[in-house]
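Input: a single structure, listed below in structure tokens.
Number of protein chains: 2
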Amino acid sequence: MKPISNIDSTVISSRIRLARNLAGFPFPNRICDLTQALEIIRLVHGAASGVRAFNLYYMSEILEGVALSLRDDHLISAELIANKDYGAALIDEGDEEDPEDFCGKVSIMINEEDHLREQLIVKGLNLSRAYQTLSGMDDELSKTLRFAFDGKLGYLTACPTNLGTGLRASVMLFLPGLTRMKKMKSVISEVSRLGHTVRGVYGEGSAAEGYMYQISNEVTLGVDEEYILSEVQKAVLEIVNLESHARRALVSRDKIGVKDACRRALGILTHCERISFAEFIRLISEVKLGAAVGFVKVKDISLLDDLIAAVRPANLSILSDGLSEKERDVLRAQKCRETLQKSAE
Amino acid sequence: MKPISNIDSTVISSRIRLARNLAGFPFPNRICDLTQALEIIRLVHGAASGVRAFNLYYMSEILEGVALSLRDDHLISAELIANKDYGAALIDEGDEEDPEDFCGKVSIMINEEDHLREQLIVKGLNLSRAYQTLSGMDDELSKTLRFAFDGKLGYLTACPTNLGTGLRASVMLFLPGLTRMKKMKSVISEVSRLGHTVRGVYGEGSAAEGYMYQISNEVTLGVDEEYILSEVQKAVLEIVNLESHARRALVSRDKIGVKDACRRALGILTHCERISFAEFIRLISEVKLGAAVGFVKVKDISLLDDLIAAVRPANLSILSDGLSEKERDVLRAQKCRETLQKSAE
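Line order of the protein sequences matches chains R and F. Just so you know, UniProt numbering puts 326 at position 326 of the first sequence, and the rest follows in order with no gaps. Just so you know, UniProt numbering puts 184 at position 184 of the second sequence, and the rest follows in order with no gaps.
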């Protein structure tokens with residue numbers, strides 16, 4: 001197995017999000033009329049169906065388990081779920097086996113903060129490509145839908161932080177080195193100085209949450225899309241570099257300790273008969289760190305990220321409806337063993 | 001790999017010990033004269049050397065590490081080590097590769113509680129055979145040494161509890177089922193009613209100490225050797241039976257929990273890069289239990305007992321002199337991985 005690049009072992013995924021609103025309708029937070037909300041859903045669904053095969057989920061009807069699973073996969077937000085009466089989501093149920101190994105999944109939230117929140121998440125560092133794909137769809141939609149657009153300001157949005165391009169480019173990062181070397185505070189302040197935001201994807205980005213952070217552009221107005229993408233990309237590459245240094249420092253500070261922890265984690269995950277998600281995420285993060293620094297051999301580090309997604313409580317519940325928490329722990333352990341016995345040693 | 005028998009998964013080793021004293025000398029606790037003590041050592045060493053190849057260790061000269069290692073292997077006692085001026089030990093340094101796979105090691109403590117404490121430990125449940133071997137040596141010694149013997153009482157000993165045969169037959173047992181099902185108290189009282197003693201080999205026989213217990217005959221006087229051996233053997237077989245029931249009850253109470261614990265323990269022991277003896281003994285006990293109930297496959301359960309002996313702190317120190325505790329933990333982990341990757345799955 002060939003060594004894993006710093007980028008591959010640090011960047012989990014790239015996300016492009018476009019905020020759009022329909023001209024002639026009040027912003028979702030101003031809608032007091034169910035008829036209007038449903039009309040917006042109808043219009044967006046109609047336009048989108050001409051572009052791709054989407055499944056439509058009304059938040060008033062969606063099963064709780066399905067909603068939580070979509071949320072865990074970052075396809076819809078908690079805010080949309082809470083917007084029970086007006087909210088809906090279009091989820092690209094297209095071919096899982098992407099011929100180009102692109103693995104992206106398009107979603108459109110309807111009547112979340114804006115009328116449309118178009119989004120595409122892809123594996124690895126692929127902002128431009130994801131933007132091209134999503135922007136292509138957005139162009140198609142704009143042939144049918146009349147977006148609220150101002151010649152000077154650009155796209156109009158419910159919140160001024162999204163005004164202009166309506167573009168949010170985010171990259172999900174795995175930063176165990178910087179976290180454990182206690183460098184995240186300075187990274188966050190440096191990145192914020194450059195006009196970006198870094199935050200823990202799940203809570204504080206702590207070890208307990210898998211050392212996962214998301215970097216996003218802060219500025220959407222007065223700059224063009226290319227600039228936003230290239231600035232986020234530059235910041236990501238800088239963080240990848242810092243993370244790589246931090247990992248080396250961590251290993252040189254306590255090589256046996258780091259190796260022991262990640263090898264034990266692999267031993268447990270390849271042998272356990274039941275495991276909670278909390279313990280799983282703590283251990284798989286050690287294994288990922290081990291893979292990044294060469295103490296664990298894995299065929300493809302993205303398989304580990306796929307495993308993380310697959311064994312989240314909501315996703316396991318979707319797969320096997322009506323499982324108790326204990327039964328989920330058993331199923332999770334089984335998936336861990338299968339995946340890791342095949343792909344890691 | 002074939003299933004392990006209940007006896008093989010419960011009985012670790014059998015030990016025969018004979019207490020003897022030389023006529024014409026005061027008992028060790030009455031000796032106030034170094035010359036007498038050294039004369040006894042000289043006589044015993046001379047006689048024993050005619051029978052087997054022994055190494056002689058004076059407790060006044062023995063290296064601390066060697067003494068601790070011999071003690072951990074149950075070849076000498078803490079009392080002998082404390083008996084610094086008068087004590088000595090003859091250790092059979094014979095062929096490690098026993099052609100009959102008997103694996104016994106004879107030792108003679110000199111000037112411990114009695115002038116001679118002859119002893120043989122063998123693997124598994126082998127009291128008669130161990131007794132034959134040791135008794136044969138004792139017969140040889142008695143041709144040269146004049147043992148204190150009374151026609152009515154038998155062999156005379158410093159403490160009346162050893163009077164008569166001077167025989168102590170002990171069997172070391174692995175009792176995780178009875179311990180965890182909280183049955184040890186009733187087992188101990190029942191065994192005591194039959195005239196035997198059960199005690200934890202290391203402390204209380206708790207999980208932390210590897211669930212190891214020793215059963216020994218209490219009575220040495222007024223019965224012959226055959227009777228003692230057969231009574232201890234009977235009690236052992238009864239305990240093996242009770243332990244087997246207890247293990248089944250444990251597994252039927254929480255199958256996934258027991259399987260999870262022993263599989264995780266195996267995962268850690270086959271992957272760790274450093275491990276303390278305390279953690280090791282806790283985990284290897286889980287693996288042994290797993291092997292006994294079929295959740296872990298091992299080629300030969302006695303390999304696990306050999307591993308336990310090999311990675312005790314004193315034994316590791318003997319192998320690699322001058323190791324720090326941390327270095328021992330690394331060496332122990334390496335031995336664990338090597339042994340278990342070969343012999344367990």
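Heads up, the beta-carbon is just placed ideally off N, CA and C, and yes, glycines get one too.
Residue i by DSSP, collapsed to three states: which one?
| i | result |
| --- | --- |
| F/Leu-331 | helix |
| residue 346 of chain F | Nothing about residue 346 of chain F can be read from this structure; chain F reaches only from 1 to 345. |
| R/Asp-101 | At R/Asp-101, the pLDDT of 47 sits below 50, so the modelled position is not reliable and the matter cannot be decided from this model. |
| R/Asp-306 | helix |
| F/Lys-326 | helix |
| R/Gly-290 | helix |
| F/Thr-339 | helix |
| R/Gly-222 | coil |
| R/Gly-164 | strand |
| R/Leu-266 | helix |
| R/Gly-257 | helix |
| F/Lys-185 | helix |
| R/Val-51 | coil |
| F/Ser-192 | helix |
| R/Glu-39 | helix |
| F/Leu-283 | helix |
| R/Glu-209 | helix |
| R/Leu-75 | coil |
Name the one or two DSSP bridge partners that residue i has.
| i | result |
| --- | --- |
| R/Ser-14 | R/Val-122 and R/Val-171 |
| F/Ser-216 | F/Ser-170 and F/Thr-197 |
| R/Arg-117 | R/Ala-19 and R/Met-109 |
| R/Ala-344 | R/Val-298 |
| R/Gly-154 | R/Asp-150 |
| R/Gly-46 | Per DSSP, none; premise fails for R/Gly-46. |
Mind checking which residues open and close the beta strand (DSSP E) that includes residue i?
| i | result |
| --- | --- |
| F/Asp-92 | 88 to 92 |
| R/Tyr-58 | 54 to 58 |
From which residue to which residue does the alpha helix (DSSP H) around residue i run?
| i | result |
| --- | --- |
| R/Thr-144 | 127 to 144 |
| R/Phe-25 | Looking at the DSSP string, R/Phe-25 is not in any alpha helix (DSSP H), and its letter there is neither H nor E. |
| F/Val-275 | Checking the displayed sequence, the identity of residue 275 of chain F turns out to be Ile instead of Val. No alpha helix (DSSP H) holds F/Ile-275; DSSP gives it neither H nor E. |
| F/Asp-72 | 64 to 72 |
| F/Leu-319 | 313 to 319 |
| F/Ser-230 | 225 to 253 |
| F/Glu-79 | 78 to 82 |
| R/Thr-179 | 176 to 180 |
For residue i, which residues from the same chain have a beta carbon less than 7 angstroms from its beta carbon, with the 5 sequence-adjacent residues on both sides left out?
| i | result |
| --- | --- |
| F/Leu-56 | His-45, Ala-88 and Leu-90 |
| F/Val-219 | Gly-195 |
| F/Ser-60 | Lys-84 and Asp-85 |
| R/Ala-246 | Gly-177, Leu-178, Met-181 and Lys-183 |
| residue 346 of chain F | Coverage of chain F is limited to positions 1 through 345, which leaves residue 346 of chain F absent and any answer about it impossible. |
Only counting the same chain, and skipping five residues up and downstream in sequence, which positions put a Cβ closer than 8 angstroms to that of residue i?
| i | result |
| --- | --- |
| residue 404 of chain R | Because chain R in this structure spans residues 1 to 345, residue 404 of chain R falls outside the shown range and cannot be described. |
| R/Ala-249 | Gly-177 and Met-181 |
| R/Ala-235 | Val-191, Leu-194, His-196 and Ile-215 |
| F/Ser-317 | Gly-65, Leu-68, Ser-69, Leu-323 and Arg-328 |
| residue 373 of chain R | The requested residue 373 of chain R does not occur in the structure, where chain R is confined to residues 1 to 345. |
Closer than 6 angstroms by C-beta to residue i: which residues in its own chain qualify, once you throw out the five before and the five after it? Chain order, please.
| i | result |
| --- | --- |
| R/Glu-100 | At R/Glu-100, the pLDDT of 49 sits below 50, so the modelled position is not reliable and the matter cannot be decided from this model. |
| F/Arg-15 | Ile-121 and Ser-170 |
| F/Leu-340 | Leu-269 and Thr-270 |
| R/Glu-243 | Thr-10, Leu-175, Gly-177 and Leu-178 |
| F/Leu-68 | Ala-314 |
| F/Ala-130 | Ser-14, Ile-16, Leu-120 and Val-122 |
| F/Glu-345 | Lys-297 |
| F/Arg-168 | Arg-17 and Ser-216 |
| F/Cys-336 | Leu-269 |
Q.
Using 8 angstroms as the cut-off, can you tell me whether the segment 123 to 141 of chain R makes contact with the segment 1 to 19 of chain R, which would need three or more C-beta pairs spanning the two stretches below that distance?
A. yes
Q.
Closer than 8 angstroms is the cut-off here; do at least three beta carbon pairs connect the segment 137 to 155 of chain F with the segment 37 to 47 of chain F?
A. yes
Q. Any contact of the segment 106 to 115 of chain F with the segment 21 to 34 of chain F, i.e. 3+ C-beta pairs under 8 angstroms?
A. yes
Q. When the Cβ atoms of the segment 182 to 199 of chain R are set against those of the segment 251 to 263 of chain R, are three or more pairs found closer than 8 angstroms?
A. no
Q: Check whether the segment 309 to 319 of chain R touches the segment 64 to 73 of chain R, counting contact only when three or more Cβ pairs, one atom from each stretch, lie closer than 8 angstroms.
A: yes
Q. Should the segment 275 to 289 of chain R be called in touch with the segment 324 to 334 of chain R, which here means at least 3 C-beta pairs below 8 angstroms?
A. yes
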